[in-house]
Amino acid sequence: MPVLAAATGGYGVGGTPAPVTTTPPPPAPNPVLPFNAKLTSDDIPVPGGGVRSGACSGSLVAPQWIVTAGHCFHDLADARIGGKPPYTMTVTVGRLKDSDPGGYTTEVVDVRQSPVNDLAVAKLARPIQDIAPVALAGTRPAVGRQLQFAGWGSHSATVLGPSDHLKRGRFRVSAIGQATLEAQPVGTRTVENGPCPEDSGGPFFVSDDDHSATLVAIVNTGPPCPQPGPETIARVDVVADWIRAQTG
1 MPVLAAATGG YGVGGTPAPV TTTPPPPAPN PVLPFNAKLT SDDIPVPGGG VRSGACSGSL
61 VAPQWIVTAG HCFHDLADAR IGGKPPYTMT VTVGRLKDSD PGGYTTEVVD VRQSPVNDLA
121 VAKLARPIQD IAPVALAGTR PAVGRQLQFA GWGSHSATVL GPSDHLKRGR FRVSAIGQAT
181 LEAQPVGTRT VENGPCPEDS GGPFFVSDDD HSATLVAIVN TGPPCPQPGP ETIARVDVVA
241 DWIRAQTG
């Protein structure tokens, strides 16, 4: 009786070596700003029935947690909510473009709202182990401090829909509030380098190498895009201990 080849190799009929089959490793996440997160939903309930789509941006702050804007999770009255979201929120981490082969996609299973500003932490259905989370700022930035911005928001103030690539820009801290900052764009502002709708939760951060970073603030609200007015962004340093307590 002929001997059957094993799944990992061996010999087939007549003693011929059987080909060894291996499963290639999955593509690695993009190494540039790998902590960035894109949030999308297609089943957000609306008053009167029906659903709509929506999107936000965020950052991986622990293997199974992201930080984003609190208002990305809301009820029919647009009030911020915690717990398991009443709609599916898909999270993609570790890509610069939708077409990138690497990265991870999962869903939000729990939300916890900040007690002091428009910021929330969202728990992922599964941990992401091979992407380093962004660090959290422990002190407020000085006025004049330059920050980088990244987000997946739309390219218009009126025609909504998330970008298919990560947008990036530079801003300077222009004012400091109790739980927020104001940041002015550096140079001419466009829809590619500043927050627009669906950039909510996008990080404002400092980084020397584009691989690791410290999260200083996140997108909350601002002028219609593109417009040269200041962005109002939620400070991270005032809730850093709270974030660690929720995600540790």
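Those letters in the sequence shown? Residues 1 to 248, by the UniProt record's numbering.
Where a beta carbon is used, it is the ideal one built from N, C-alpha and C, also for glycine.
With distances taken between CA atoms, Val143 lies nearest to Glu182 out of Trp152, Ser154, Glu182. Distances from the alpha-carbon of Asp118 to those of Ala62, Gln129, Pro127, Ala79 put Ala79 closest. Look at Val238 here: in three-state DSSP terms it is helix. Spatial neighbours of Val191 in its own chain (CB-CB distance under 6 Å, excluding positions within 5 residues in sequence) are listed in chain order as His155, Cys225, Pro226. For Ala62 against Leu39, the beta-carbon gap comes to about 16 Å, at or over 8 Å, which does not count as contact. In the structure shown, Ile128 falls within a coil segment according to DSSP collapsed to helix, strand and coil.
In this structure, DSSP gives His71 a helical state, which the three-state scheme calls helix.
Across the set Gly83, Ala135, Pro228, Val91, the C-alpha of Gly83 shows the shortest separation from the C-alpha of Arg112. Counting the other Cβ atoms within 10 Å of the Cβ of Pro127 gives fewer than 16, which makes it exposed.
Separation of the CB atoms of Phe171 and Glu107 is rounded to 31 Å, and the pair is thereby denied contact status at 8 Å.
Here Ala179 has Val116, Asn117, Arg235, Val238 as same chain residues with Cβ atoms under 6 Å from its own Cβ, once five neighbours each way along the sequence are excluded. Taking a contact as a CB-CB distance under 8 Å, the pair Val219 and Ala69 counts as one, their CB atoms being some 6 Å apart.
In the assembly as shown, Arg95 is a buried residue. Its beta-carbon has 16 or more other beta-carbons within 10 Å. Under a 10 Å Cβ-count criterion, Val51 is classified as exposed, with fewer than 16 other Cβ atoms of the shown protein chains found around its own Cβ. For Thr158, the secondary structure class from DSSP, reduced to helix, strand or coil, is coil. In the assembly as shown, Leu76 is an exposed residue. Its beta-carbon has fewer than 16 other beta-carbons within 10 Å. Shown here, Thr247 sits in a helix according to DSSP, grouped into three states.
In this structure, Asp210 is the residue among Ser174, Pro85, Asp210, Gly187 with its C-alpha nearest to the C-alpha of Asn30. Taking C-beta atoms as the reference points, Gly153 and Asp110 fail to come closer than 7 Å. For the set Pro86, Leu33, Thr105, Val32, the Cα lying nearest the Cα of Gln64 is the one of Thr105.
Annotated three-state conformation of Thr190 is coil, per DSSP.
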